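Heads up: the structure comes next, in structure tokens.
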Amino acid sequence: MKQVFQRPESLTDVQMHYCPGCTHGIIHRLVAEAIDDLGVRESAIGVASVGCSVFAYDYFNCDMQQAAHGRAPAVATGIKRVLPDRIVFTYQGDGDLASIGMAEIVHAAARGENITVVFINNAIYGMTSGQMAPTTLLGQKTTTTPQGRSIEANGYPIRVSELLATLDGAAYIERVSTHDPKHVRQAGRAIKKAFQTQLEGRGFALVEVLSTCSVNWGMTPQEALDWMRDNMVPYYPLGVYKDSARKEEAAHD
-6 MKQVFQRPES
4 LTDVQMHYCP
14 GCTHGIIHRL
24 VAEAIDDLGV
34 RESAIGVASV
44 GCSVFAYDYF
54 NCDMQQAAHG
64 RAPAVATGIK
74 RVLPDRIVFT
84 YQGDGDLASI
94 GMAEIVHAAA
104 RGENITVVFI
114 NNAIYGMTSG
124 QMAPTTLLGQ
134 KTTTTPQGRS
144 IEANGYPIRV
154 SELLATLDGA
164 AYIERVSTHD
174 PKHVRQAGRA
184 IKKAFQTQLE
194 GRGFALVEVL
204 STCSVNWGMT
214 PQEALDWMRD
224 NMVPYYPLGV
234 YKDSARKEEA
244 AHD
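Listed below in structure tokens is the structure:
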């Protein structure tokens, strides 16, 4: 029988620990497929964050480094500067990147570090039982906002892609989603382009991927996908927020 679908070489044959309905596993596969398609597995180095994806080093079949909470961009910067011929990427959640690690990601983008960042936005702290994250939506209930996030007490959710796109050092910024197969395929193309941006030496690239946390949201997996589509996508619009390659193409026209 002809095999038409198989595990990417850049994923290990290890059962993942993620909760039922979590889309981390899907996104892991997209990252692995991009690495395989570009033929860079032997030169890839991933940096795992602290959060639900803390065991990413067990799942990616390439060199991996564990970073302290929020410090993945700094670790990736050091690796890339010492080994500029390697393809260096971070895999970070919203609590890691947009809270304790906000200064790290902003300055990595401002410096134009030639690294690739895969940023998972599920609007909550998943690993630590569902506290409010910087990306938690207004009115969203969490363990630390049991009445719902309010502007008066908690401020507004942070739109990371829009923020980073204002920085001159950012070369490619895109927000995608995983709420249905069509958007999963689009997410895969964006992640591959983020790696291509690094291969071409263009500078900092980040793909923000909207994801689910059905357990901490208190929903079934299907309800979580629907909630992400109906609530997260309107607040976090999908699309390309910056692409230096497009500007260069336009300049040559």
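Numbering (the working numbering), first residue to last: -6 to 246.
Here a beta-carbon is modelled for each residue, glycine too, at the ideal position from N, C-alpha and C.
Nothing here was measured: the structure is a model prediction, and the numbers come from that model.
{"Item": "Inter-stretch contact at 8 Å, needing at least 3 Cβ pairs: the region 172 to 188 / the region 90 to 97", "Value": "no"}
{"Item": "Min CB distance Thr109 to chain B below 8 Å", "Value": "Annotation note: the requested chain B is absent from the structure, which comprises a single protein chain."}
{"Item": "Check: Ser36 C-beta below 7 Å from any heavy atom of the ligand ZN", "Value": "No copy of the ligand ZN occurs in the structure displayed, which carries no ligand at all."}
{"Item": "Among Glu155, Ser42, Lys175, the one whose alpha carbon lies nearest that of Arg168", "Value": "Glu155"}
{"Item": "Close beta carbons around Ala25, own chain, < 7 Å, minus the five adjacent residues each side", "Value": "Pro1, Ser3, Leu4, Phe53"}
{"Item": "Nearest-angstrom Cβ-Cβ length linking Tyr253 and Pro150, presumed shorter than 8 Å", "Value": "Because the chain is modelled from -6 through 246, residue 253 falls outside the range shown and cannot be assessed."}
{"Item": "Gln191, enclosing alpha helix (DSSP H) - first and last residue", "Value": "174 to 192"}
{"Item": "Inter-residue spacing [alpha-carbon to alpha-carbon] between Thr171 and Tyr84", "Value": "16 Å"}
{"Item": "Ranges of the beta strand (DSSP E) found wholly within the region 137 to 170, counting only runs of at least 3", "Value": "163 to 170"}
{"Item": "Leu4 in three-state terms, based on DSSP", "Value": "strand"}
{"Item": "Boundaries (first-last residue) of the alpha helix (DSSP H) holding Thr205", "Value": "Unbroken run through Thr205: none, as it is neither H nor E."}
{"Item": "Beta bridge counterpart(s) of Asp56 as assigned by DSSP", "Value": "Ile38"}
{"Item": "For Phe82, the residue or residues it bridges with in DSSP", "Value": "Gly39, Thr109"}
{"Item": "contact_flag[the region 13 to 23, the region 44 to 62] where n(CB pairs < 8 Å) is 3 or more", "Value": "yes"}
{"Item": "Supposed close pair Gln191, Ile108 - CB separation, criterion 8 Å", "Value": "7 Å"}
{"Item": "Asp236, buried or exposed, once every other Cβ within 10 Å from all chains shown has been counted against 16", "Value": "buried"}
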